[in-house]
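One structure is given below, encoded as structure tokens.
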Amino acid sequence: NAGVTQTPKFQVLKTGQSMTLQCAQDMNHEYMSWYRQDPGMGLRLIHYSVGAGITDQGEVPNGYNVSRSTTEDFPLRLLSAAPSQTSVYFCASRRQGEQYFGPGTRLTVT
Amino acid sequence: KNQVEQSPQSLIILEGKNCTLQCNYTVSPFSNLRWYKQDTGRGPVSLTIMTFSENTKSNGRYTATLDADTKQSSLHITASQLSDSASYICVVSFSGGYNKLIFGAGTRLAVHP
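In order, the protein sequence lines correspond to chains C and G.
Residue numbering for the first sequence follows our numbering, starting at 109 and increasing by one per position.
Residue numbering for the second sequence follows our numbering, starting at 258 and increasing by one per position.
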């Protein structure tokens, strides 16, 4: 199993650009989520999904969209990037209380 | 307000020494508490998970304790190794919801030879 994979690993965007962060898992987990990690703060939940076709907002959803068309994939879209979205983004999948994180995407918005 | 606070923010120890990291929380209703290890440039990896009724749980040289009365947890690392250099994150879960996790900011541990 590859576990949770994320692409790209690094990305630089200009303010106003849009992009999609990819996340995939091969463990057949129903629950997936996106977090952002900023210096000096705990991970914060952006969006989550409890299964294909079902998504919901987390703590900091503004400026981000998600969709879940398959169990495996859970992409995160930045609609119009802002410098405040500079962060490290982690995707995670979860089963029976155990959460598995991807390696992260470091995003810089200039 | 539901919060998880970790101390110290950072810690430097010599290889072979022991150390203890602290986690205080105000999350309610409590479901479980997890400790994660996050290596630089990687995602967090679970070390232990404890429910309300568990006081201690070990994973190799890592031992986590939980005092649900005082809402405190600690992670003790025995005979530290250079590979223990990482951030350690305490995460507390609410009862009843997948999405209800509160993350601490982490303790950054550096183990020097």
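Even glycine gets a Cβ: it sits at the ideal position worked out from N, Cα and C.
For the pair of segments examined, the segment 267-279 of chain G was found not to touch the segment 154-167 of chain C: the number of CB pairs separated by less than 8 Å stays below three.
Residue pairing from DSSP places C:Met127 in a beta bridge opposite C:Leu186.
In the DSSP assignment, G:His369 falls within the beta strand (DSSP E) that extends over Thr364 to His369. For the segment 276-324 of chain G, there is no continuous alpha helix (DSSP H) assignment of 4+ residues that stays within its boundaries. Comparing C-alpha distances from C:Arg202 to each of C:Ser157, C:Tyr172 and C:Lys117 shows the shortest one belongs to C:Ser157. Per DSSP, C:Ile154 has no beta-bridge partner at all. In the DSSP assignment, C:Met149 is bridged to no other residue. C:Pro191 places its beta carbon less than 9 Å from that of C:Thr218. Taking all protein chains shown into account, C:Met140 has 16 or more neighbouring C-beta atoms within 10 Å of its C-beta and is therefore buried. Close partners of G:Gly361 in chain C (Cβ separation under 7 Å): Gly150.
Taking a 10 Å sphere around the C-beta of C:Gln145, we find 16 or more other C-beta atoms and assign the residue as buried. By the criterion of a C-beta distance shorter than 6 Å, G:Ser344 is surrounded in its chain by Gln295, Gly363 and Arg365, once the five residues flanking it on both sides are discounted. Residue pairing by DSSP puts C:Gly159 in a beta bridge opposite C:Ile162. Taking the Cα positions, C:Leu187 is about 43 Å away from G:His369. By a beta-carbon distance limit of 8 Å, G:Thr322 contacts G:Ser330. Their separation comes to about 6 Å. Exposed is the label assigned to C:Val120, since fewer than 16 other Cβ atoms lie within 10 Å of its Cβ. In this structure, G:Thr283 is the residue among G:Cys276, G:Leu278, G:Ser267 and G:Thr283 with its C-alpha nearest to the C-alpha of G:Gln260. Distance check between G:Gln263 and each of G:Ile346, G:Ser285 and G:Glu311 places G:Ile346 closest, using alpha-carbon atoms only. In the DSSP assignment, C:Gln133 is bridged to C:Val112. For C:Gln133, the closest Cβ of chain G is not nearer than 9 Å.
At least 9 Å separates the CB of G:Asn316 from every CB of chain C.
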